[in-house]
Amino acid sequence: MSIKDKYNEEAIEKIKDLAEAIDFTMFITNLENAPLHSVPMSTKKVDNQGNIWFLTSIEHDTAKHIAQNEKVQLIYSKPGNMEFLNLYGEAHLVADRVIIKDLYQSADDSWFDGDGDPKIRAIVVNPKEAQYWEPKSNKAVTLFKMAYGAITGNKVDISQEGELRP
11 MSIKDKYNEE AIEKIKDLAE AIDFTMFITN LENAPLHSVP MSTKKVDNQG
61 NIWFLTSIEH DTAKHIAQNE KVQLIYSKPG NMEFLNLYGE AHLVADRVII
111 KDLYQSADDS WFDGDGDPKI RAIVVNPKEA QYWEPKSNKA VTLFKMAYGA
161 ITGNKVDISQ EGELRP
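Just so we're aligned: the sequence shown equals residues 11 to 176 in our numbering.
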């Protein structure tokens, strides 16, 4: 396994690539108290500063926890592609209707009464630190290397990991 840490713009680009490609994350709040509160959420957008955007209801426990403690953890996982992102950051609730309208998609009608629903809030997560894991090569090459390692008993270097500091 190779280690490649990334900083600043390079870190933001890696966060953006992985979060948008994987889409769904386990959004974890209540980090300082047990039990943790964890819910699956769809990433709406990753902006040029590396902030990750979501939608929620002000009535949801996630929003209530963020109002009490801004520290959150996001865990993205796409095992089939061997892509993983573990991110810690600070979350804030945003009531700006222009931002909410920009993030809102028709699929969100399952949870809200349209983009004008007064209970909708955007969540913006400002990443503070993260770790990532991903394959060095495409899936076919990675599988070939894994098979080669299994057959020969040799260790193979198929993945890359690193710290991300935006």
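Using N, Cα and C, we set each Cβ at its ideal position, and we do this for glycine too.
The structure presented is a predicted model; accordingly, all values stated were derived computationally and were not measured.
Asked: Below 8 Å on the Cβ atoms is my guess for T66 versus A73; work out the distance and round it to an integer in Å.; Found: 5 Å
Asked: Below 8 Å CB to CB, which residues in the same chain sit around I110 once its five sequence neighbours on both sides are set aside?; Found: L65, V104, D125, I130, R131 and A132
Asked: Tell me the DSSP bridge mates of Y114?; Found: The partner list for Y114 (beta bridge, DSSP) is empty, contrary to what the question assumes.
Asked: Between which residues of its own chain and D33 is the CB-CB distance below 7 Å, once the five residues before and five after are set aside?; Found: S52 and T53
Asked: Are any of the Cβ atoms in chain B nearer than 8 Å to that of N91?; Found: Any reference to chain B falls outside this structure, which holds one protein chain only.
Asked: Given 8 Å as the limit, is there contact between the segment 21-36 and the segment 54-64, that is, 3 or more CB pairs closer than that?; Found: yes
Asked: Exposed or buried, what is Y86 when buried is set at 16 or more other beta-carbons lying within 10 Å of its beta-carbon?; Found: buried
Asked: Distance check for D123 and L97, CA to CA, integer angstroms please.; Found: 31 Å
Asked: By DSSP, does K26 sit in helix, in strand, or in coil?; Found: helix
Asked: With H, G and I counted as helix, E and B as strand and the rest as coil, what does DSSP make of K55?; Found: strand
Asked: Once DSSP output is grouped into helix, strand and coil, what is the label at I68?; Found: coil
Asked: In terms of alpha-carbon separation, which member of V135, P45 and V108 lies closest to Q83?; Found: V135
Asked: Can you find a heavy atom of the ligand MN that lies under 7 Å from the Cβ of R131?; Found: As presented, the structure is devoid of all ligands, the ligand MN included, so that no description of it is given.
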